[in-house]
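Protein chains: 2
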Amino acid sequence: MAENKQVIFKGYIDRSPTETDMELRINKVELKVPKGSGAFLVKNLYLSCDPYMRGRMRDFHGSYLPPFVPGQALEGFGVSKVVDSDNPNFKPDDLVSGITGWEEYSLIQKPLQLRKILQHDIPLSYYLGLLGMPGFTAYAGFYEVCSPKKGEYVFVSAASGAVGQLVGQFAKLLGCYVVGSAGSSQKVDLLKNKLRFDEAFNYKEESDLDAALKRYFPQGIDIYFDNVGGDMLDAALVNMRIHGRIAVCGMVSLDSLSKPKGIFNLSNLIMKRIRMQGFLQSDYLHLYPQFLEYIVSNYKQGKIVYIEDMNEGLESAPAALAGLFSGKNVGKKVVRIVHE
Amino acid sequence: MAENKQVIFKGYIDRSPTETDMELRINKVELKVPKGSGAFLVKNLYLSCDPYMRGRMRDFHGSYLPPFVPGQALEGFGVSKVVDSDNPNFKPDDLVSGITGWEEYSLIQKPLQLRKILQHDIPLSYYLGLLGMPGFTAYAGFYEVCSPKKGEYVFVSAASGAVGQLVGQFAKLLGCYVVGSAGSSQKVDLLKNKLRFDEAFNYKEESDLDAALKRYFPQGIDIYFDNVGGDMLDAALVNMRIHGRIAVCGMVSLDSLSKPKGIFNLSNLIMKRIRMQGFLQSDYLHLYPQFLEYIVSNYKQGKIVYIEDMNEGLESAPAALAGLFSGKNVGKKVVRIVHE
Chain A
1 MAENKQVIFK
11 GYIDRSPTET
21 DMELRINKVE
31 LKVPKGSGAF
41 LVKNLYLSCD
51 PYMRGRMRDF
61 HGSYLPPFVP
71 GQALEGFGVS
81 KVVDSDNPNF
91 KPDDLVSGIT
101 GWEEYSLIQK
111 PLQLRKILQH
121 DIPLSYYLGL
131 LGMPGFTAYA
141 GFYEVCSPKK
151 GEYVFVSAAS
161 GAVGQLVGQF
171 AKLLGCYVVG
181 SAGSSQKVDL
191 LKNKLRFDEA
201 FNYKEESDLD
211 AALKRYFPQG
221 IDIYFDNVGG
231 DMLDAALVNM
241 RIHGRIAVCG
251 MVSLDSLSKP
261 KGIFNLSNLI
271 MKRIRMQGFL
281 QSDYLHLYPQ
291 FLEYIVSNYK
301 QGKIVYIEDM
311 NEGLESAPAA
321 LAGLFSGKNV
331 GKKVVRIVHE
Chain B
1 MAENKQVIFK
11 GYIDRSPTET
21 DMELRINKVE
31 LKVPKGSGAF
41 LVKNLYLSCD
51 PYMRGRMRDF
61 HGSYLPPFVP
71 GQALEGFGVS
81 KVVDSDNPNF
91 KPDDLVSGIT
101 GWEEYSLIQK
111 PLQLRKILQH
121 DIPLSYYLGL
131 LGMPGFTAYA
141 GFYEVCSPKK
151 GEYVFVSAAS
161 GAVGQLVGQF
171 AKLLGCYVVG
181 SAGSSQKVDL
191 LKNKLRFDEA
201 FNYKEESDLD
211 AALKRYFPQG
221 IDIYFDNVGG
231 DMLDAALVNM
241 RIHGRIAVCG
251 MVSLDSLSKP
261 KGIFNLSNLI
271 MKRIRMQGFL
281 QSDYLHLYPQ
291 FLEYIVSNYK
301 QGKIVYIEDM
311 NEGLESAPAA
321 LAGLFSGKNV
331 GKKVVRIVHE
């Protein structure tokens, strides 16, 4: 038996989470897996903070993922090391990534939720971002949903985030003109100087988002990769070009599902024959191998970079998650639980 | 020279038109076309009242059609007979359909706006509906935008209108389950008993549109063909199934572009991976020959019916157009200018 520190989900909310919606608890864990269970036990090394997790904090059972269980540890993407296994596909010391618990040790009873890490010359935490769900979201969303063409005008919101920073780089690799929006001058600087966006702006400094988009896209937007919804989506709708495409990836600005903000400019969909499409990366998993090849190749050639924002210690995880919704993170938010 | 009664556009509005936004005027017209002009003169037989015409009454130049010119006659789709011609492709007594003036005689200076009517065993006025822009809108919207499959659950709003009544019949021909909404019990009756919808309801009698849709689609909606926008679109979003499609054809509920109603449930686009697409029939004109063949064949076999709502006399045209926006029309609204 060992101690197992956990981040517990306290109860349902219908707003963005704060640190106090979670609490730390010390539990016990059996370090041996019961024989005949087919399960395996992992030690969690890195946990991923992702905006979609807010959806699992709501008392709403109609979504693609069930809500968290109040009183139990949160779940999310993680990178972990196998400690003990009753499953022939996983051996002690194997490194894995996938859905795990927000705790030091997790008993994995659904082995299909994790895959083994085979590529060992890329930082392990990148399996939560560049090579993980956010990276694959950017890949599927940009290439499969946006139908991009060389030379097109691409706008990305939350552009320095886990997904946005890659969408912009993919668009640049394809030969598009790319502008990103973000919420601080530090992020704008990263977008322009490190992530190779053509332009970037701080939306908090713009009193008129429509005017801001007209300034950066006098000829209009072909592709809007939307991570935020709300006012930015409304402004983008007005600035779309004929036959434009909007990939609806996230609505991080939408603080409450029960009192959402209205979108007012959808009549542009008709006038400009716009395709607006919501998507989830999980619908495109057949493309994961080609994604991996594309990313690893471009990363190793230095054609793609990835910015992480790393917290230290499970204790810092609640604040790290809550910070996503006020834009505190600069790049992909990851929590390191233990140095290996 | 002859007298030429005209319906004059009085001035820009940003709301749905009323009868008094137009006025009748008697003008003069030369019944001979100037030599060397390439133009031709038509006598207008039928005029079409279509919701999109509201868009041309706004002082907004960014749309796919320019605004009407205050002080001049309105324009719209019509069926006309050639009176005199300086164009080798059009001879006196030819019947034509396309864009003409809201007046007794029109000098056509853009011959490409009209095509000759070749099929003479179908009522002439049907070239404004079943075989015209609304029919082709229904065809392109349903088959090209909705990606329909046999057995799917299809919802159509403004379902007895010029477009909706055909979308429902196309969906039934393909083997879908089809429910329509409309604004009177007379229309609901037509939908169920004449247009072969599986079910229909009067949205004005529903205090909760979400509950109404749940009643008719307990398993959810695969395809929503949206002619109205607004509250019905919001309710449909909540009731869409995973991988559902929304064809955004019109937003007749949207009374004002400058003060549109908000749409609040777009987060469903992500959760359910919905594709929402605006479209215009004019992007699909390469399909017009196959549309014509499909429609004529099905119509002659009695597999498609078409409901018209005919007004008599150019004098009645302003009220006929205004009536579209309060749902006064039952079926496709047409104005007969002259009995031939």
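From first to last, the protein sequence lines stand for chains A and B.
Under UniProt numbering, the first residue of the first sequence carries the number 1, and numbering increases by one thereafter.
Under UniProt numbering, the first residue of the second sequence carries the number 1, and numbering increases by one thereafter.
Note that the Cβ used here is the ideal one computed from N, Cα and C, for glycine as well.
Is DSSP giving GLU308 (chain A) helix, strand or coil here?
-> The answer is strand: DSSP assigns GLU308 (chain A) an E or B state.
Would you tell me roughly how many angstroms separate the C-alpha atoms of PRO134 (chain A) and VAL163 (chain A), rounded to the nearest one?
-> Straight-line Cα distance between these residues: approximately 5 Å.
Within chain A, partners of MET271 (chain B) - CB distance below 7 Å = By Cβ distance, chain A contributes SER63 and TYR64.
Output the distance between the C-alpha atoms of LEU107 (chain A) and CYS249 (chain A), rounded to the nearest integer angstrom.
-> Near 31 Å, if we compare the C-alpha coordinates of CYS249 (chain A) and LEU107 (chain A).
Residues of the region 112 to 133 of chain A with a CB closer than 7 Å to any CB of chain B: list them in chain order, please.
-> Of all residues in the region 112 to 133 of chain A, none is placed with a Cβ closer than 7 Å to any Cβ belonging to chain B.
Heavy atom of the ligand SAM within 8 Å of LEU24 (chain A) beta-carbon | Questions concerning the ligand SAM fall outside what the structure shown contains, since it holds no ligand whatsoever.
What does GLN277 (chain B) reach in chain A if we use C-beta pairs closer than 9 Å?
-> Contact annotation for GLN277 (chain B) against chain A: LEU269, ARG273, ILE274, ARG275, MET276 and GLN277 [CB-CB distance below 9 Å, chain order].
Excluding the five sequence neighbours on either side, which residues of its own chain have a C-beta within less than 6 Å of the C-beta of ASP255 (chain B), listed in chain order?
-> For ASP255 (chain B), where only same-chain residues beyond five positions count, the Cβ hits under 6 Å are ARG15 and SER16.
Taking just the CA atoms, how far does VAL69 (chain A) sit from PRO92 (chain A)?
-> The C-alpha of PRO92 (chain A) lies about 29 Å from the C-alpha of VAL69 (chain A).
Taking all protein chains shown into account, decide if GLN119 (chain A) is buried (16 or more other Cβ within 10 angstroms of its Cβ) or exposed.
-> GLN119 (chain A) is classed as exposed because its beta carbon has fewer than 16 other beta carbons within 10 Å across all chains shown.
Does the beta carbon of PHE264 (chain A) sit closer than 9 Å to a beta carbon anywhere in chain B?
-> Among the residues facing chain B, PHE264 (chain A) is included, as its CB has a counterpart in that chain under 9 Å away.
For the putative contact between GLY180 (chain A) and ALA200 (chain A), defined by C-beta atoms under 8 Å, what is the C-beta separation to the nearest angstrom?
-> That belief holds up - the Cβ atoms of GLY180 (chain A) and ALA200 (chain A) are roughly 5 Å apart, short of 8 Å.
Using a Cβ-Cβ cut-off of less than 7 Å, give me the residues of the UniProt domain "Oxidoreductase N-terminal" (5 to 109) of chain B that come near chain A, in sequence order.
-> So the list reads SER63 and TYR64, given in the order they occur along the chain.
Does the region 281 to 288 of chain A come close enough to the region 19 to 28 of chain B that 3 or more CB-CB pairs lie under 8 Å?
-> As far as the Cβ criterion goes, the region 19 to 28 of chain B does not touch the region 281 to 288 of chain A, which means the pair count is below three.
In the DSSP assignment, what residue or residues form a beta bridge with THR100 (chain B)?
-> Looking at the DSSP output, THR100 (chain B) bridges to B:GLY76.
Got a sec: is the Cβ-Cβ distance from PRO218 (chain B) to anything in chain A below 9 Å?
-> Using a CB distance cut-off of 9 Å, PRO218 (chain B) does not count as an interface residue toward chain A.
Taking Cβ positions only, does MET251 (chain B) come closer than 9 Å to chain A?
-> At least one CB of chain A lies nearer than 9 Å to the CB of MET251 (chain B).
Along chain B, in chain order, which residues have C-beta atoms closer than 9 Å to that of VAL248 (chain A)?
-> By Cβ distance, chain B contributes LEU266, SER267, LEU269, ILE270, ILE274 and MET276.
Beta-carbon spacing of TYR105 (chain A), LEU31 (chain A) below 9 Å | Going by C-beta atoms, TYR105 (chain A) is nearer than 9 Å to LEU31 (chain A).
Ignore the nearest five residues each way along the sequence and tell me which others in LEU280 (chain A)'s own chain have a CB closer than 7 Å to its CB.
-> Excluding residues within five positions, the ones whose Cβ falls inside 7 Å are TYR64.
Tell me the DSSP bridge mates of PHE40 (chain B)?
-> PHE40 (chain B) is bridged to B:SER85 and B:ILE108.
For GLY71 (chain A) and SER80 (chain A), the rounded distance between their alpha carbons = Those two C-alpha atoms are separated by around 23 Å.
Kindly list the residues whose CB is nearer than 8 Å to the CB of GLU144 (chain A), restricted to its own chain and excluding five residues on each side of it in sequence; keep chain order.
-> PHE279, TYR284 and LEU287, listed in sequence order.
Pull up the CB-CB distance for GLY78 (chain B) and THR100 (chain B), whole angstroms please, since I reckon it's below 8 Å.
-> Rounded, the Cβ-Cβ distance is 4 Å, consistent with contact.
Check whether SER160 (chain B) and VAL330 (chain B) have beta carbons under 9 Å apart | Cβ distance < 9 Å, so SER160 (chain B) and VAL330 (chain B) count as in contact.
GLN277 (chain A) bridges to which residues according to DSSP?
-> Looking at the DSSP output, GLN277 (chain A) sits in a beta bridge with A:ALA247 and B:ARG275.
Taking the continuous beta strand (DSSP E) assigned at ARG215 (chain A), which residues delimit it?
-> Judged by DSSP secondary structure, ARG215 (chain A) falls outside any beta strand (DSSP E) and instead within the alpha helix (DSSP H) spanning 209 to 216.
Closest Cα partner of ASP208 (chain A) within the set A:LEU191, A:LEU233, A:ASP222 and A:GLY38 = Checking every option, the nearest Cα to that of ASP208 (chain A) belongs to A:LEU233.
Please confirm if GLY135 (chain A) has its CB atom under 9 Å from at least one CB of chain B.
-> No, its Cβ sits nowhere closer than 9 Å to a Cβ of chain B.
Taking the alpha-carbon positions, what's the GLN165 (chain A) to GLY151 (chain A) distance?
-> Looking at the two C-alpha atoms, the distance is approximately 19 Å.
With DSSP collapsed to three states, give me the class of ARG25 (chain A).
-> In this structure, ARG25 (chain A) counts as strand in the three-state DSSP scheme.
Positions along the region 178 to 210 of chain A whose CB lies within less than 8 Å of some CB in chain B = Answer in chain order: no residues at all.
Can you tell me whether GLY175 (chain A) is buried or exposed, with buried defined as 16 or more other CB within 10 angstroms of its CB?
-> With fewer than 16 other CB atoms across the displayed protein chains lying within 10 angstroms of its CB, GLY175 (chain A) is exposed.
Could you tell me which residues DSSP pairs with ALA2 (chain B) in its beta bridges?
-> Residue pairing for ALA2 (chain B): DSSP places it in a beta bridge opposite B:VAL29.
How many Å lie between VAL82 (chain A) and GLY323 (chain A) at the Cα?
-> Each residue's Cα considered, the two are about 30 Å apart.
Out of A:SER85, A:GLU312 and A:GLY230, point me to the one whose CA is closest to LYS110 (chain A)'s CA.
-> The shortest Cα separation from LYS110 (chain A) among A:SER85, A:GLU312 and A:GLY230 belongs to A:SER85.
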